[in-house]
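Following full-length UniProt numbering, the residues of the sequence shown are numbered contiguously, the last one being 585.
Beta carbons: idealized from backbone N, C-alpha and C, even for Gly.
Every value quoted in this text rests on a predicted model; they were computed, and no experiment measured them.
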Amino acid sequence: MDGMSGSGKCRCRSGFAGTACELCAPGAFGPHCQACRCTSHGHCDEGLGGSGSCFCDEGWTGPRCEVQLELQAVCAPPCAPQAVCRAGNSCECSLGYEGDGRMCTVADLCQDGHGGCSEHANCSQVGTVVTCTCLPDYEGDGWSCRARNPCEDSHRGGCSEHADCLSTGPNTRRCVCHAGYVGDGLQCLEEPEPPVDRCLGQPPPCHMDAVCTDLHFQEKRAGVFHLQATSSSYGLNFSEAEAACGAQGAVLASLAQLSAAQQLGFHLCLVGWLANGSAAHPVVFPAADCGDGQVGIVSLGTRKNLSERWDAYCYRVQDVVCRCRDGFVGDGTSTCNGKLLDVLAATTNFSTFYGMLLGYANATPRGLDFLDFLDDELTYKTLFVPVNEGFVDNMTLGGPDLELHASNTTFLRTNISQGTLLPSHSGVSLVINDVGTGNSSWAPVAPGAVVVSHVIVWDIMAFNGIIHALASPLLAPPQPRAVVAPEAPSVAAGVGAVVAAGTLLGLVAGAIYLRSRAKATGFGFSAFQAEDDADDDFSPWQEGTSPTLVSVPNPVFGSHDTFCEPFDDSLLEDFPDTQRILAVK
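Pasting the structure below:
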């Protein structure tokens with residue numbers, strides 16, 4: 001019976017019998033199991049090996065035992081109980097017996113053709129009845145035995161539900177895990193994704209000039225850690241395990257997370273809860289007392305009783321650490337800046353100023369010295385850089401203008417105070433004003449100083465200094481012209497000589513006086529030397545460190561008046577690209 005609703009059992013045609021219809025039914029004989037023709041007074045030599053001949057009872061004869069004898073045959077001495085008397089005082093042993101009729105013994109039917117049993121069966125005989133029993137690794141009725149297929153039983157040969165059962169012989173099988181699962185076939189677990197170093201991901205988590213460290217790999221645990229109850233091992237039920245992990249800022253680990261840790265070398269012979277309600281532990285080295293010699297995740301499967309007590313395996317996301325490599329500064333993630341000139345070269349909105357610096361260096365030895373000063377990584381300096389939009393009407397800067405933008409003092413916005421004074425590389429003082437244009441109460445004046453009041457981005461860190469972005473460039477104040485005195489008459493020249501001689505005598509006397517005062521007060525060059533030594537120990541990024549600041553009451557503004565408060569909305573309207581000042585070329 002086949003088909004979707006079939007049972008798989010064989011329905012035999014007439015004359016056949018057996019599990020596989022391999023036998024002749026009673027009353028049939030020969031390889032085609034044709035019907036015997038004996039009457040009720042005879043016994044047919046039936047079966048696959050039978051001849052179909054009829055063994056007649058006493059008093060009957062004929063091919064089919066259909067003729068009754070008129071005279072009853074008499075045999076003396078009498079025939080054996082298992083024999084029939086025939087005419088002519090002869091005895092014939094019945095079917096299944098052998099002998100001369102006077103003495104009949106049971107024929108060994110199992111010896112003759114294995115009793116008709118299957119070659120994979122045991123043949124046994126009681127009297128003339130033969131019994132066939134299939135061998136242990138075979139199944140059938142004994143007359144026909146086929147190899148037992150464990151994959152066809154209700155348990156699928158004991159294979160995992162995530163495995164295929166393949167018959168490999170009588171009562172033997174092989175279990176093969178499905179794609180996406182790993183194991184021995186009896187237990188198949190989801191194939192974990194191999195742990196991936198997040199530093200190798202795309203896009204990379206760190207800046208191109210930073211060293212990336214994935215702490216998952218540093219700790220060799222992939223974020224997984226083992227947790228026990230405070231009282232003893234195996235002291236947590238499922239809900240307590242969840243709470244214990246939560247108290248550590250973690251969650252119960254998944255099977256994939258525990259497997260990733262195992263692949264990194266996490267080995268522990270203590271069973272712990274996992275997020276799906278199963279209990280397992282990671283094994284790296286095979287041992288008889290740790291996972292029965294298995295390597296991988298040894299799982300007890302999903303636990304029906306969540307009140308069982310085990311340890312816990314928790315998972316907590318570890319950080320990726322980004323650190324700028326030597327010669328660079330920044331957060332390591334979005335920024336790693338090199339030296340001042342590197343930042344200028346890499347920042348699109350500083351290209352105009354950077355181009356003028358290079359032109360100055362190519363044109364004059366002083367310009368080359370200035371470029372070397374900015375490139376020197378042993379000294380820290382401050383550089384004010386105007387953005388491209390600040391150069392209007394094809395404005396160009398000369399050497400003094402360019403040098404006005406640099407100072408050999410490191411200055412952070414946190415160091416600012418009202419009227420902060422910085423020396424520039426050109427020798428002109430810079431007055432840093434961050435009080436805003438709305439504060440009219442402060443109106444400092446310092447002859448020759450240039451006010452810096454239009455910083456739009458502060459504190460762009462570089463390896464050898466710091467950059468502040470300006471809305472427009474600074475211009476050095478004009479140098480005073482020398483006045484040439486007209487020639488005086490000879491009399492005036494004589495008077496002048498007398499006056500000069502008197503002045504010289506006065507200066508000598510004053511010098512003698514000042515020298516005597518200096519000895520009295522102990523003032524000398526050693527104080528300046530000490531200050532210079534202190535300056536040599538200055539660290540520009542030391543917390544709380546600030547340059548020597550001088551408040552001046554009345555500086556002279558440079559080429560621009562006070563611009564506006566940095567980051568003011570009006571400023572952003574005038575300079576729409578200030579939000580991309582640090583855009584890299």
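Span of the alpha helix (DSSP H), counted from its first residue to its last, around residue i
| i | result |
| --- | --- |
| LEU255 | 255-263 |
| SER351 | 351-363 |
| PRO400 | 399-404 |
| VAL343 | 340-346 |
C-alpha gap between residue i and residue j, whole angstroms
| i | j | result |
| --- | --- | --- |
| PRO204 | VAL451 | 43 Å |
| TYR315 | CYS212 | 22 Å |
| ASN171 | VAL182 | 24 Å |
| PHE225 | ARG323 | 26 Å |
| GLY330 | VAL343 | 12 Å |
| SER334 | GLY265 | 33 Å |
| ALA260 | ALA253 | 11 Å |
| residue 586 | ALA229 | The chain is shown only over 1 to 585; residue 586 falls outside these bounds and no answer can be derived. |
| ASP112 | VAL130 | 11 Å |
| PHE55 | TYR138 | 36 Å |
| PRO478 | GLY448 | 9 Å |
| THR347 | GLY235 | 60 Å |
| TRP273 | TRP310 | 6 Å |
| LEU475 | LEU404 | 7 Å |
| ASP184 | CYS177 | 7 Å |
| THR420 | SER453 | 11 Å |
| PHE285 | LEU258 | 16 Å |
| GLN318 | ALA250 | 10 Å |
| VAL320 | ALA469 | 31 Å |
| GLY291 | CYS134 | 39 Å |
| SER118 | GLY293 | 42 Å |
| ASP45 | ASN122 | 23 Å |
| LEU227 | VAL283 | 17 Å |
| ASP561 | ILE460 | With a pLDDT of only 37 at ASP561, under 50, the local geometry of the prediction cannot be trusted, and no value is derived from it. |
| ARG580 | ASP369 | The predicted position of ARG580 is uncertain, since its pLDDT is 44 and thus under 50; no value can be drawn from it. |
| GLY52 | VAL126 | 23 Å |
| HIS155 | CYS175 | 12 Å |
| GLY359 | THR379 | 23 Å |
| SER231 | GLU240 | 13 Å |
| ARG325 | CYS336 | 8 Å |
C-beta atoms of residue i and residue j nearer than 8 Å
| i | j | result |
| --- | --- | --- |
| PRO473 | PRO400 | no |
| CYS91 | CYS110 | no |
| GLY30 | GLY50 | yes |
| CYS65 | GLN82 | no |
| SER429 | ALA406 | no |
| SER299 | LEU412 | no |
| CYS206 | GLY332 | yes |
| GLY169 | THR128 | no |
| ALA363 | LEU371 | no |
| CYS24 | CYS10 | no |
| GLY327 | GLY338 | yes |
| ALA28 | CYS38 | no |
| ALA280 | ILE297 | yes |
Proximal residues to residue i (C-beta, below 6 Å), its chain only, five neighbours per side dropped
| i | result |
| --- | --- |
| THR19 | GLY140, ASP141, SER144 |
| ASP57 | HIS41 |
| ASN408 | LYS381 |
Sequence-distant residues of the same chain with beta carbon closer than 8 Å to residue i, five excluded per side
| i | result |
| --- | --- |
| ARG173 | ASN149, PRO150, CYS151, GLY157, CYS159, CYS165, LEU166, SER167 |
| GLY277 | PHE238, THR302, ARG303, LEU306 |
| LEU69 | GLY59, TRP60, THR61, ALA87 |
Bounding residues of the beta strand (DSSP E) (the contiguous stretch that carries residue i)
| i | result |
| --- | --- |
| CYS104 | 104-106 |
| GLY246 | Unbroken run through GLY246 is the alpha helix (DSSP H), 238-247; no beta strand (DSSP E). |
| ASP459 | 455-462 |
| CYS451 | Note that residue 451 corresponds to Val in the displayed sequence, not to Cys. 450-452 is the extent of the beta strand (DSSP E) around VAL451. |
| GLY185 | Careful: GLY185 lies outside any beta strand (DSSP E) and carries neither H nor E. |
| PHE225 | 224-227 |
| ILE297 | 296-302 |
| SER232 | No beta strand (DSSP E) holds SER232; DSSP gives it neither H nor E. |
| ILE466 | 465-470 |
| GLY8 | Neither: GLY8 is in no beta strand (DSSP E) and is coded neither H nor E. |
| CYS314 | 311-315 |
| PRO386 | 381-386 |
| ARG173 | 172-177 |
Distance cut-off 7 Å: residue i Cβ against heavy atoms of the ligand ZN
| i | result |
| --- | --- |
| ALA253 | The model on display carries no ligand, and the ligand ZN is accordingly not part of it. |
Own chain residues within Cβ distance below 7 Å of residue i, not counting five before or after
| i | result |
| --- | --- |
| ARG102 | PRO77, CYS79, ALA80, CYS91 |
| GLN72 | GLY59 |
| ARG86 | ALA73, GLU92 |
| SER351 | ASN388 |
In chain order, which beta strand (DSSP E) runs of at least 3 residues are fully inside the region 87-156? Entirely contained in the region 87-156, the beta strand (DSSP E) runs reaching 3 residues are, in chain order, 90-93, 97-99, 104-106, 121-126, 129-134, 138-140, 145-147.
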